[in-house]
Amino acid sequence: MASLQDIRRRIHSVKNTSKITKAMELVAGAKLRRAQVRIEALRPFADGMHELISEAAGRTTSLRNQPLLERRDVQTTAIMLMSGDRGLAGAFNASVLRRALDEAAAERALGRDVVWYAVGRKGAGSLRFRGAEPRQSWTGFTDRPVYQDAEQIAHSLIADYGDQAFDRLVMIFNHFDSPLVQTVYATEVLPVPLPERLTELSARDRALMGELLFEPDAEQLLEPLLTTALETEIFRALLESTASEHGARMTAMRNASDNARDLIDRLTLDMNRARQAEITQQLLEVVAGADALS
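At the far end of the sequence shown sits residue 321, using this note's numbering, and the numbering has no gaps.
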């Protein structure tokens, strides 16, 4: 059995660690609530953008002149992996990486080449460790992304798509369901999928909204609308990934705090046993000494 001093030292160390994990849990919880508010705020804009694109596409005589809608024979698939910049978030980074590697294996089985894009230091580092150097990577903002980050990513991807660096882009990210559950999604974002018509508006809402007028015409507006739609989809994925990371970290730190508390209880029991054994040994020595003197 460890000495009483060693057990006390270990209890002190575990208590200090539990203070850190508890603080990280509280910080992650606060960040998660902010991320959820941002996701809810984006949803009406994203839905409205889909509605606009549906209207514009429906009024366009031909979609052949829209490069972001061009569907080519797929020779090369790009996979964009969205991870975090930090660890200590349970299986958050590992699960999205595993899904991305499975997606790459499936594409190669079809005889296609794979190029990589990475958001977040953890994903980029894991890909490099496996010998898959990302064509581009973006780091430093996964804790609190802003729309300009999505714009930068989208413009780089559009340029590479136009240069035919790839024929199809799949974005893989964690979708936030709850602090305990994050689901990995694989979404094709290039070529831009035309959104299905949203739920039909009621006659009253349609009358209030009136006829949509496009100035200039819908065909000229469709290309910038598609660019904005791609930016919005990437931004939504960034926010979902951020919320998932904070939720996973909050849960992981809560579990770590609970485990620390259990460990402290066990160590305290060991300490009491060690103290009892020490006292018993001292009593035996006193009794033995008294017997020797009698």
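Just so you know, even glycine gets a beta-carbon here, dropped at the ideal spot from N, CA and C.
Quick caveat, the model's predicted, so the values are computed rather than measured.
Can you find the residues in the same chain that come closer than 8 Å, C-beta to C-beta, to residue i, ignoring five residues on each side of it along the sequence?
i           : result
residue 252 : 76, 79, 80, 83
residue 294 : 34, 37, 38, 41
residue 96  : 90, 218, 219, 221, 253
To the nearest angstrom, report how far apart residue i and residue j are at their CA atoms.
i           : j           : result
residue 311 : residue 30  : 19 Å
residue 204 : residue 52  : 18 Å
residue 139 : residue 165 : 25 Å
residue 181 : residue 257 : 6 Å
residue 284 : residue 277 : 10 Å
residue 159 : residue 153 : 9 Å
residue 134 : residue 141 : 7 Å
residue 46  : residue 115 : 15 Å
residue 194 : residue 102 : 7 Å
residue 65  : residue 59  : 10 Å
residue 185 : residue 124 : 24 Å
residue 105 : residue 179 : 17 Å
residue 297 : residue 308 : 16 Å
residue 214 : residue 197 : 5 Å
Between the Cα of residue i and those of the options, spot the shortest distance and give me the residue it belongs to.
i           : options            : result
residue 172 : 202, 262, 121, 219 : 262
residue 99  : 48, 250, 192       : 192
residue 121 : 141, 133, 147, 101 : 147
residue 162 : 106, 151, 143, 153 : 143
residue 207 : 50, 46, 56         : 56
residue 50  : 280, 316, 62       : 280
residue 67  : 266, 300, 318      : 266
residue 187 : 255, 94, 136       : 94
residue 268 : 183, 299, 145, 156 : 145
Which residues does DSSP list as the beta-bridge partners of residue i?
i           : result
residue 201 : 211
residue 32  : Partner(s): none; residue 32 has no beta bridge.
residue 142 : 105
residue 113 : In the DSSP output, where bridge partners are listed per residue, residue 113 has none listed.
residue 195 : 104
Apart from the five residues just before and just after residue i, which ones in its own chain have a Cβ nearer than 7 Å to its Cβ?
i           : result
residue 119 : 111, 201, 209, 271, 272, 275
residue 44  : 287
residue 260 : 216
residue 302 : 31
Report all residues from its chain with a CB closer than 6 Å to the CB of residue i; omit the five preceding and five following residues, and keep chain order.
i           : result
residue 314 : none
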